[in-house]
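In full-length UniProt numbering, the protein residues as written are 1 to 1012.
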């Protein structure tokens, strides 16, 4: 397909704003202002490139509002109304790829050039020049003749199809012909002019008067404004109003602006729209009056024209029934047109200060039903049902490979169920001051476990279930003596709904599917709080998994006992409750005696003074504070005297076990912060291999690459303490051998070996995929690590902590829950940042749980009215390039399949797949074996992306050998090339290389498990 060079230049010329043309001029090719040029550019370039339609779609539906359009130009023009949505992308009408607006044109140009054209032609009779009355029989003759008049300074009139437009400038006439008469065929020649759906001619040399094409084509009147709003409406009135409502929704929900600030913005927009109307009415009236129109007609035209302004109307009550001018009216609109769920207040008594206790609860059923309306989430749910039939494997990839899930499935007799994981954690807003804990809030969030592992970690897919002030959960003495479970009363609506979901289920494709609470997730303190265990980790029994004592733990840090069973838990609850009842009677009896003694002393004082005492209570509390503390501390083998409120849910019990560990709190912010400073102190003070300034200078000067740069290790403020957050500490463990490896004079030093042992443990613990053989090896590593800390206790004082005991359980817990990294809690804790931003911006601590809950649900409504999922494949179209096989050496060509067609691919240097960024020069794992000390790695040479969104890597296959010094060394031997798909990678994570002492080195993010 081709196009006349002159016509091509005319079309390109439409984008020029040189000369006297102001940048705010309207562009005739699409009727949009200059700010919409990217869309117009896309439409025009589609035509210039000769883009055609395949025989597939005859109409194009918008995935956001379901409007249908008959052409790509209309489809692309309409899409701009949704372009500010989160995760906005346009589905390609010819394949499964979703792209940004800027990427769609190049994608269609490269991969869909063979798409079908819908032939449209306009045949007209010979025309006569109005200037010289000359008969003109072809389009080329007509154009050349008119050019000659214009070059001689003669004004002309276009006579095609009764156009009658007047021109005195050759350039304007060229634009007019390309815009409005591009579909006009040569007048008497039987050639067919194929007109693309964008409304522009794209025939092969259609202006050649010798073209003798005689194909019979249906005569169809060409629409010269195929992409113009005059013939189709890409921006319906109701959509503009909805987008404006969503703009206000995003201000409150996503950007956390206070309602008062949003109202100020609304009032400013209202005023500006009034002022704008005033100026426009004056200008329009002057223009209409210049045509000597009747005043009544002028007034009517102005009135009816300005009635069509949705921005003005929704801010003025007299113009539209659905208003956005006040917060109350906006809330009504959001509830009607957006998936907004109103938080419910739950009153559960008075706190110790005499104020109302109020929890704000969000219906899990309602939010879950909204989530399941998303086609991607629903597809993942149905996919998880199908995967239940897979045979068991020795490789643990997700929670479904664990024994806990297999045990849970036995409840449903082979049927399906929806699993949710409930996370709880307390967070505060003020780090310092007397009010630091005054507004500390306990939050309950949940995620849908049936989703893919990478989707469960997305913050937008984590939903809130309830918010409660932590101070409201503290019982008074009388409430405790009355055996009231304040935590259970606070979360009773959540418990009731979970029981209802388990019993009555949710409809999915007409089938009732039960919804089950699968796991409780959180840090150790939170897990013990909601699980009915002791909150103090310094007591004799501290583990929720096994009944080990502190004495036994300190004697043998690597010791673990069998997991406690449900029956043992319930038995210990009864034992603890019996102790509590006995202690309660003793405390009340002692308090009664103390009251009598005090009354006697008071009476003796009255007798000696011969006057009545001031009116006051003899005993402020029922029992003494010391007795109350001892009463609350009663437990039996770490189990409290009151069971977990979640045990009331059918089929769920905290000791089943259903409360996994948290790697971040146990390792990154627990063991690391104890052990790593001790190792650095040993290297600096004892061995004098380096000093603290040298260490910090090395850390600051280390150039992290890739995703390591996001959370680079933090320098030590003090040798006694790690100063980084969880992920920064994780990277510190990974990269420290590369940072100071050349300063370690004895790699076999027993203290340094403790560090290398810990680093290897972290690699296995953080693995997203792990085999049972690796689990067995992990148990040995942990046992060695724990015993080393005991043996070297002079160098590791105070490192035998309860979290070390939890680490000893990790091997068995992986068998129960699958890879522990899949239950990472830090993504849940990221939601805290939203609430902190809400309170910071609102500057209002009155009823903060209500404020936070409402803002979060506004955010929920905003996100669920857009794309919850970003595109799986994201890249910069400007960086893509065509593949030239001629430039490939033979060794690269040999790696390509015989049917490889470079026209179907584009080459990239950087691409993001499912949130993970891949770059040329990074390494990906190809294979591994526990029997070998080396890894087969692939250095990314070229990233290939085909039209179906499939990503492939052309990699240089190399071998990386374990140095046993905390990193792998890349072999310098000659290696071949290999083409591998993203789905076929042994491990998804790309690794940058670092240079240490002239060697190219790699530090693993986690251990590599190759499926056999």
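Where a beta carbon is used, it is the ideal one built from N, C-alpha and C, also for glycine.
Comparing C-alpha distances from residue 251 to each of 1007, 901, 842, 984 shows the shortest one belongs to 842. In the DSSP assignment, residue 478 falls outside any beta strand (DSSP E) and lies within the alpha helix (DSSP H) extending over 477-481. Membership of residue 729 in the alpha helix (DSSP H) is indicated by the continuous run 726-740. Listed in chain order, the beta strand (DSSP E) elements of length 3 or more contained wholly in the stretch 422-451 are 441-448. For residue 233, the secondary structure class from DSSP, reduced to helix, strand or coil, is coil. For residue 962, the three-state secondary structure derived from DSSP is strand.
Annotation for residue 150: 156, 167, 168, 169, 170, 173 place their beta carbon closer than 8 Å to its own, counting only its chain and skipping 5 residues before and after.
Taking the Cα positions, residue 1007 is about 19 Å away from residue 1000. Following the DSSP letters along the chain, one finds residue 531 inside the alpha helix (DSSP H) bounded by residues 524-531.
Across the set 988, 852, 887, 964, the C-alpha of 988 shows the shortest separation from the C-alpha of residue 912. At least 8 Å separates the beta-carbon of residue 975 from that of residue 968.
In this structure, residue 327 lies away from residue 849, with their beta-carbon atoms at least 8 Å apart.
Taking a 10 Å sphere around the C-beta of residue 82, we find 16 or more other C-beta atoms and assign the residue as buried. The stretch 881-899 and the stretch 482-490 do not touch, with fewer than three beta-carbon pairs separated by less than 8 Å. Here residue 366 is actually not in contact with residue 818; their C-beta atoms are around 30 Å apart, not less than 8 Å. Separation of residue 944 and residue 753 (C-alpha to C-alpha, rounded to the nearest whole angstrom) is 42 Å. Pairing residue 104 with residue 942, the inter-Cα distance amounts to about 22 Å. With three or more CB-CB distances shorter than 8 Å, the stretch 846-865 counts as touching the stretch 345-365.
A distance below 8 Å separates the beta carbons of residue 638 and residue 544. Contact between residue 246 and residue 865 holds: CB atoms are separated by about 7 Å, below the 8 Å threshold. Rounded to the nearest whole angstrom, the CA to CA distance from residue 371 to residue 750 is 53 Å. Annotation: residue 164 is outside any beta strand (DSSP E) and is labelled neither H nor E by DSSP. Residues 326, 327 of the same chain have their beta carbon placed closer than 8 Å to that of residue 263, with the five preceding and five following residues left out of the count. Per the DSSP secondary-structure output, residue 937 pairs in a beta bridge with 925, 958. Counting of Cβ neighbours within 10 angstroms places residue 449 among the buried residues, the total reaching 16 or more.
In this chain, residue 646 is not harboured by any alpha helix (DSSP H), its DSSP state being neither H nor E.
Straight through space, the alpha carbons of residue 833 and residue 256 are spaced by roughly 11 Å.
With respect to the C-alpha of residue 330, the residue from 315, 756, 126 having the closest C-alpha is 315. Residue environment for residue 516: buried (at least 16 other C-beta atoms within 10 angstroms of its C-beta).
According to the DSSP assignment, residue 378 belongs to the alpha helix (DSSP H) that extends over 375-387. Each of 339, 321, 453 was checked against the Cα of residue 384, and the nearest Cα belongs to 453. In this structure, the straight-line span from the alpha carbon of residue 583 to that of residue 481 is close to 11 Å. Excluding its 5 nearest sequence neighbours in each direction, residue 421 has C-beta neighbours in its own chain below 7 Å: 446, 447, 449, 518, 519, 521, listed in chain order. Contact check between the stretch 693-711 and the stretch 643-659: fewer than three CB pairs, one atom from each, fall below 8 Å, which does not count as touching. Shown here, residue 283 sits in a helix according to DSSP, grouped into three states. In the displayed model, residue 946 falls within a strand according to three-state DSSP.
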